[in-house]
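**Student:** The following block contains the structure, expressed as structure tokens.
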Amino acid sequence: MDAFTTPLLAGTATGALLLIAALGLALTFGQMGVINMAHGEFLMAGAYTAYLTQQVVTNADLSILVALPVAFVVAGLLGLLLEVAIISWMYRRPLDTLLVTVGVSLLLQQLAKDVFGAQGDPVRTPGWLEGNVDVFGYHWPYRQMFTILLALLALAGLGALLKYTAYGRRIRATVQNRDLAETMGVSTRAVDRVTFFVGSGLAGIGGVAVALISGTNPNLGTTYIISAFLVVVAGGLGQLRGTVIAAFAVGIVTAFLTDWLSSSMAQVLTFALVVIFLQARPQGLFTVRTRGLA
Amino acid sequence: MFPTRARLVTGTVLALTAALGLSACGGSKSGESSAAESCVDTSGDTIKLGFLNSTSGAMAISEQTVRDSLGLAAEEINVSGGILGKKIEPVVEDGASDPAVFAEKIEKLLTGDCVAAVFGGWTSASRKAMLPVVEADDGLLFYPVQYEGLEASKNIYYTGATTNQQIIPAMDFLKSKGVKTLFLAGSDYVFPRTANKIIKQYAAELGIEIVGEEYVPLDDDDWTTQVAKIVAAKPDFVFNTINGSSNVGFIKAYYEQGLTAKTTPIISVSIAEEEAPAMGKDVTGQFAAWNYFESVDSPTNAAFIKAFQDKYGADRPTSDPMEAAYTSLYLYKALVEKADSFDVAKINAAADGVSFNAPEGTVTIDGENHHIAKTALIGQINADNQFDVVWSSDAPIEPDPFLKGYDWWDPSKE
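Chains as they are written, first to last, in this note's numbering: chain A, 2 to 295; chain B, 5 to 418.
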């Protein structure tokens, strides 16, 4: 086994997963100043959607492909519900959204436990994702390549939405100056809702990828939410470019530290490194030039 | 030396507690050394027993199965006339998967509800949290789960396996299979760390080489990097002390990296009948070490399974901790009846040699360390996610929580 290949490839896959999870967080924080601690539960919702889809679409080869758009919509709608019912009442109060969404997160976890049971359910890997390619002695699983592909597609989709669509223009306008956008006739409320839907939907897609690693379980979201926040903060709040780089950096650094030391020590050191990094660059990798967070 | 130190500490705590208790009460009535005045009411025709399991939180799924089998045992004992003629009146509490809540609730059960004994706990953390309380109140706790050993309290009866009844037999089994190299994979907390320390010392004794050792935090599900190390190390066998849902990620990564039960079999100490079907992969052919399997072929076990499924549903599997909890209530009944009293001191005095014909086979209490002699079994998972017994110890193994009978064991050595 190549001491360099394994952590690099495995870390890139972890980074890809963190990226999918962090994109939605970065989007909602950048635009609305919402710290959504329930975002991890949208991942969980995506994983359960993958499980439920497999109950309906029994062809395992097909079910994951069906699960992806369904998970996007399910998690998206869940996010929309959260936005309309709770978050819209407390915009520009980041601390309040943090506290409230922690509550929502616990609520959703318990709900999943009551509906699906605490044990977790298996999600079958489709045949075409079984197996691996030998890269310098590391059996690189197709599943990890698939996760990376998903992250790139999510990123490209989001990029296209922001760059080429009318909604994208409105989102960018809202991020840069909410009041001015409002005066120019942009319904920032509608924009917020679309953003929340898209951001949560992306987490749903991430959830399908997670389900392929570990199946479902009600606590699945909590495993990823802290790392995803770490990525968002290290990347620079509201900066997609920073989020992308930070996600892969955190994934790969953690993988190398895991390889050299141990899994627990790697987590500790990664967090320590980010804290040190933020001492030097409190704004993260890239500085935010908007007034959205003021 | 850890056991000595542990005993010293326990002794000191006991002495202090006793001193505090005595000074608070102004001396106990009788000449007995009981630290707290018992408030157990034995005048009526019922006797209160506390069932303290997590019915919420992360451990709920496991502990609910224990709660159910305690319920079954209580019902059966009541139908057959109760304990010393008194019907069991369960007082149920939720430990909420939180050690602090366990400590709080056992205090409430013992001093508020005045139960005669408490049954429950699962994680070592919950047991460690309850230990000082049950000692200070001089109550009784029956703990039903296999654990890492190195503990003995006169106020706790341990009805699951200690390491010399599960870990060491598993190693003997590997030796008998001609295993030369072993890889250790575990969750990062007390049980796997302690178990692996014992495994490493015994492996040195058996001439088995440990070719790798990996730990992943309890909540972490991605095992690909660690499994890649297993692929590279090419061990004959993997010893798995991973807990809970993290096993799913481990098993998936395992098969994904091209390992199977044929190339590199796994022996686990926490995958049971409940867990095997949830792995998302076919785990047929893998091994597990326990003292009980649903497949144990005996009339007592058949009756236990039938009674359990009649009460809770035909789809419910039975497992080792459930059987140990069920057995613990019957052992309590036998203890009380031998002592002819619900008094803790009298029960402890009568404890040695008390036995019960359990679903796993006959179990017998060791009066000195309060553990029970159990037969060790190795099962291999079949296509129905049941375990075929492929190896068993010749007879019930005497419990030895501090491994005093094993001269290769040096607790001060890593």
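Positions of the beta carbon are idealized from the N, C-alpha and C atoms, including for glycine.
Bear in mind that the values here come from a model prediction, so they are computed numbers and not experimental data.
1. So the alpha helix (DSSP H) G365 (chain B) belongs to, where does it begin and stop?
2. Closest to D404 (chain B) by C-alpha separation, out of B:K417, B:N373 and B:S396, would be which residue?
3. Within 9 Å (strictly less), CB to CB, does A292 (chain B) reach chain A?
4. Where in the segment 71-130 of chain B do unbroken runs of the beta strand (DSSP E), each at least 3 residues long, occur, reported from the N-terminal end onward?
5. At least one CB of chain B closer than 9 Å to the CB of D97 (chain A): is that the case?
6. Compare the C-alpha of V273 (chain B) against each of B:P325, B:Y336 and B:G262 and name the closest.
7. Would you identify the three-state DSSP class for G200 (chain A), choosing helix, strand or coil?
8. Starting from the N-terminal side, write out each stretch of the alpha helix (DSSP H) that is 4 residues or longer and does not extend beyond the segment 18-62 of chain A.
9. For T271 (chain A), would you say it is in contact with chain B, using Cβ-to-Cβ distances shorter than 9 Å as the test?
10. Do E364 (chain B) and Y296 (chain B) count as a contact pair if the criterion is CB distance below 9 Å?
11. So, do the segment 262-280 of chain B and the segment 229-246 of chain B have three or more beta carbon pairs nearer to each other than 8 Å?
12. What does P221 (chain B) touch in chain A if you count any residue whose Cβ is under 7 Å from its own?
13. Taking the Cβ atom as the reference point for each residue, do S345 (chain B) and F123 (chain B) lie within a distance shorter than 9 Å?
14. Which whole runs of the alpha helix (DSSP H) in the segment 170-218 of chain A are 4 residues long or more, in chain order?
15. Would you please verify whether the beta carbon of M420 (chain B) is less than 9 Å from any beta carbon of chain A?
16. Short of 7 Å in beta carbon distance, which residues of its chain neighbour W129 (chain A), apart from the five on each side in sequence? Order them along the chain.
17. What does a CB cutoff of less than 7 Å around A120 (chain B) pick up in its chain, not counting 5 residues either side in sequence?
18. Find the residues of chain A that neighbour D226 (chain B), judging by a C-beta separation of less than 7 Å, and give them in chain order.
19. Check whether the segment 126-135 of chain B and the segment 99-107 of chain B are in contact - that is, three or more C-beta pairs closer than 8 Å.
20. Would you kindly check if the distance between the Cβ of Y258 (chain B) and the Cβ of V231 (chain B) is under 9 Å?
21. Mark K90 (chain B) as exposed unless 16 or more other C-beta atoms lie within 10 angstroms of its C-beta, in which case mark it buried.
22. Can you tell me whether L163 (chain A) sits near the ligand COA, meaning its C-beta is under 8 Å from at least one heavy atom of the ligand?
23. Would G253 (chain B) and D226 (chain B) be called neighbours here (beta carbons separated by less than 9 Å)?
24. CB-CB under 6 Å to I36 (chain A), same chain, minus the five flanking residues each way: which ones, in chain order?
25. Could you check the C-alpha separation between V192 (chain A) and R171 (chain A) for me, to the nearest Å?
26. Exposed or buried, which one is F446 (chain B) when buried takes at least 16 other CB atoms within 10 Å?
27. In the DSSP assignment, the alpha helix (DSSP H) including D324 (chain B) goes from what residue to what residue?
28. Would you say G132 (chain A) faces chain B, with C-beta separation under 9 Å as the test?
29. Which runs of the beta strand (DSSP E), 3 residues or longer, sit entirely within the segment 97-177 of chain A?
**Tutor:** Taking the geometry as given:
1. By 1-based counting over the second sequence, the position of residue 365 (chain B) is 361. That residue, G365 (chain B), is in no alpha helix (DSSP H); its beta strand (DSSP E) goes G365 to I369.
2. Position 400 of the second sequence, counting from 1, holds the residue named residue 404 (chain B). Of the candidates B:K417, B:N373 and B:S396, the one whose C-alpha sits nearest the C-alpha of D404 (chain B) is B:N373.
3. If you number the second sequence from 1, residue 292 (chain B) lands on position 288. No, A292 (chain B) does not count as interfacial toward chain A.
4. Listed in chain order, the beta strand (DSSP E) elements of length 3 or more contained wholly in the segment 71-130 of chain B are 91-98 and 122-124.
5. Taking the first residue of the first sequence as position 1, residue 97 (chain A) is located at position 96. Not an interface residue.
6. The sequence position of residue 273 (chain B) within the second sequence is 269, counting from 1. Among B:P325, B:Y336 and B:G262, the Cα nearest to that of V273 (chain B) is on B:P325.
7. Position 199 of the first sequence, counted from the first residue, corresponds to residue 200 (chain A). In the displayed model, G200 (chain A) falls within a helix according to three-state DSSP.
8. Secondary structure remark: continuous alpha helix (DSSP H) runs of at least 4 residues inside the segment 18-62 of chain A, in chain order: 40-57.
9. The residue given as residue 271 (chain A) occupies position 270 in the first sequence. Not one chain B Cβ lies under 9 Å of T271 (chain A).
10. Translated into positions along the second sequence, residue 296 (chain B) becomes position 292. Translated into positions along the second sequence, residue 364 (chain B) becomes position 360. Annotated as proximal: Y296 (chain B) and E364 (chain B), with beta-carbon spacing under 9 Å.
11. Proximity of the segment 262-280 of chain B to the segment 229-246 of chain B meets the contact definition, three or more beta-carbon pairs being nearer than 8 Å.
12. Here residue 221 (chain B) is taken as the residue at index 217 of the second sequence, counted from 1. Residues of chain A passing the Cβ test: S264, S265 and Q268.
13. Counted from its first residue, the second sequence places residue 345 (chain B) at position 341. Counted from its first residue, the second sequence places residue 123 (chain B) at position 119. Contact: no.
14. List check, alpha helix (DSSP H) in window: 179-184 and 189-215.
15. The question about residue 420 (chain B) has no answer, for chain B in this structure spans 5 to 418.
16. Start at 1 with the first residue of the first sequence, and residue 129 (chain A) comes out as number 128. Only D62 meet the Cβ criterion.
17. If you number the second sequence from 1, residue 120 (chain B) lands on position 116. Result list for A120 (chain B): V44, I51, K52, L53 and F346, in chain order.
18. Within the second sequence, residue 226 (chain B) is the residue found at index 222, counting from 1. Result: T15 and I214.
19. Under the 8 Å Cβ criterion, the segment 126-135 of chain B counts as touching the segment 99-107 of chain B, having at least three qualifying pairs.
20. Within the second sequence, numbered from 1, the residue matching residue 231 (chain B) stands at position 227. Within the second sequence, numbered from 1, the residue matching residue 258 (chain B) stands at position 254. Closer than 9 Å, so yes.
21. Here residue 90 (chain B) is taken as the residue at index 86 of the second sequence, counted from 1. By the neighbour-count criterion, in which a residue is buried when 16 or more other Cβ atoms sit within 10 angstroms of its Cβ, K90 (chain B) is buried.
22. As far as ligands go, the structure on display features none, and thus does not contain the ligand COA.
23. Position 249 of the second sequence, counted from the start, is the residue given in the question as residue 253 (chain B). Position 222 of the second sequence, counted from the start, is the residue given in the question as residue 226 (chain B). The Cβ atoms of G253 (chain B) and D226 (chain B) lie closer than 9 Å to each other.
24. Residue mapping note: residue 36 (chain A) aligns to position 35 of the first sequence, counting from 1. The answer, listed in chain order, is P95, T98 and L99.
25. For the purposes of this step, residue 192 (chain A) is identified with residue 191 of the first sequence, where counting begins at 1. For the purposes of this step, residue 171 (chain A) is identified with residue 170 of the first sequence, where counting begins at 1. In a straight line, the C-alpha of V192 (chain A) is about 7 Å away from that of R171 (chain A).
26. Since the first residue of chain B shown is 5 and the last is 418, residue 446 (chain B) is not available in this structure.
27. Translated into the one-based positions of the second sequence, residue 324 (chain B) becomes position 320. Segment D324 to A343, the alpha helix (DSSP H) holding D324 (chain B).
28. Start at 1 with the first residue of the first sequence, and residue 132 (chain A) comes out as number 131. So yes, G132 (chain A) belongs to the interface.
29. Listed in chain order, the complete beta strand (DSSP E) runs (minimum 3 residues) inside the segment 97-177 of chain A are 133-136 and 139-142.
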